[in-house]
Amino acid sequence: MARKIKDPGFGYKSTKNAQSIINKDGTSNVIHLNKKRSLDDLYAYFIEISWIKFFFLIVLVYTLINIIFGFIYTLIGIEEITKSTGHFFTDFLNGFFFSAQTLTTVGYGGIAPHGITSNIIAAFEAMIGLLSFSFITGLLYGRFSKPRAAIKFSDKLILREFKGNRALMFRLMNSRKTVMIEPKITVTLSISDQTTKEKKFYELKLERDAIMYLPTVWTVVHEINEESPLFNFTNKQIEKLQAELYLLLQYHEESFAQNVYQIHSYQFSDVETDVKFTTSYRFDEDGFTILDHDKLSEVEKM
Numbered sequence: 403m404a405r406k407i408k409d410p411g412f413g414y415k416s417t418k419n420a421q422s423i424i425n426k427d428g429t430s431n432v433i434h435l436n437k438k439r440s441l442d443d444l445y446a447y448f449i450e451i452s453w454i455k456f457f458f459l460i461v462l463v464y465t466l467i468n469i470i471f472g473f474i475y476t477l478i479g480i481e482e483i484t485k486s487t488g489h490f491f492t493d494f495l496n497g498f499f500f501s502a503q504t505l506t507t508v509g510y511g512g513i514a515p516h517g518i519t520s521n522i523i524a525a526f527e528a529m530i531g532l533l534s535f536s537f538i539t540g541l542l543y544g545r546f547s548k549p550r551a552a553i554k555f556s557d558k559l560i561l562r563e564f565k566g567n568r569a570l571m572f573r574l575m576n577s578r579k580t581v582m583i584e585p586k587i588t589v590t591l592s593i594s595d596q597t598t599k600e601k602k603f604y605e606l607k608l609e610r611d612a613i614m615y616l617p618t619v620w621t622v623v624h625e626i627n628e629e630s631p632l633f634n635f636t637n638k639q640i641e642k643l644q645a646e647l648y649l650l651l652q653y654h655e656e657s658f659a660q661n662v663y664q665i666h667s668y669q670f671s672d673v674e675t676d677v678k679f680t681t682s683y684r685f686d687e688d689g690f691t692i693l694d695h696d697k698l699s700e701v702e703k704m
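Going by the numbering used here, the first residue of the sequence shown is number 403, and it counts up by one from there.
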């Protein structure tokens with residue numbers, strides 16, 4: 403008999419109009435309302451966003467600060483830092499580039515504040531520059547030092563014959579060249595009750611839920627036997643189930659010398675039947691193992 407478990411933390415009361423609470427990449431799909439903001443949220447945001455967005459925001463903020471101070475230097479009189487050209491835009495550019503020198507504490511010497519007002523503004527901007535670059539340095543260190551899992555999961559679930567029964571399978575691999583030490587996976591199945599529209603949760607029994615190390619690919623197998631919650635469903639019924647798999651993988655990452663975690667989810671609309679995964683690795687003439695990352699999700703008819 404399948405072991406039914408309590409809601410593992412998703413908080414579902416009903417499935418009506420409900421999307422998955424976890425995205426395929428493991429990120430949360432929850433929209434927060436009336437949440438108080440704090441500096442901790444800002445730090446976490448800059449740590450979690452992509453590198454492209456991170457550097458884009460840095461360049462954007464850097465440019466905006468220089469534009470603001472460029473206008474300030476122009477409005478107080480560009481003569482406070484250099485000789486006026488008589489053209490507003492040219493004077494603004496001089497103020498903008500002087501702001502960039504002040505903010506970064508470069509100070510080439512071609513332009514310098516002469517009056518009290520310009521010196522006060524330049525001193526204040528220099529302080530902003532020091533604090534800003536200290537903050538950016540901390541963010542860069544935090545982004546590089548944060549342990550991150552780099553697991554790739556197959557795009558599809560497959561449903562196939564297995565040892566006289568059927569089995570639900572998926573594959574995973576490490577996208578880094580390091581070896582995954584003691585990987586362990588927990589798979590939770592959620593099935594929507596068609597009558598009550600509530601979700602029922604089951605912890606699936608796996609052929610192997612932990613291995614010593616993984617240098618190549620791991621095919622995770624749930625055998626659909628009498629103990630499986632899917633035992634009484636046909637293949638066609640399984641494909642049409644309003645069901646989802648939630649995966650939690652943990653392992654020791656050599657790169658960071660720490661345990662890391664990764665979450666993933668599969669919709670049952672991802673199920674393909676009567677297929678099997680193709681071999682994703684081979685041996686070359688010298689006996690070295692060649693692992694083809696593009697073949698992780700490749701399947702063939704049985």
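Backbone N, C-alpha and C fix where the C-beta goes; we use that ideal spot for every residue, glycine too.
- Annotation for Q639: the continuous alpha helix (DSSP H) segment containing it runs N637 to K642.
- M582 sits in a strand when the DSSP states are folded into three classes.
- Under DSSP, I626 forms a beta bridge with R568.
- Annotation: P585 to L532 spans about 43 angstroms, alpha carbon to alpha carbon.
- Take F494, set aside five residues on each side of it, and the residues of its chain with a beta-carbon closer than 6 angstroms to its own are G472 and T476, in chain order.
- Following the DSSP letters along the chain, one finds F633 in no alpha helix (DSSP H), marked with neither H nor E.
- Closest in alpha carbon position to I451, among L647, G544 and E656, is G544.
- Nearest C-alpha to N468 among S520, G511, E527 and V432: E527.
- Annotation for A612: K586 place their beta carbon closer than 6 angstroms to its own, counting only its chain and skipping 5 residues before and after.
- The C-alpha of K554 lies about 11 angstroms from the C-alpha of D696.
- Residue burial annotation: I513 is buried, with at least 16 other C-beta atoms found within 10 angstroms of its C-beta.
- Note that the C-beta distance between E702 and T680 is below 8 angstroms.
- One thing to note: E629 has its Cβ no nearer than 8 angstroms to the Cβ of S592.
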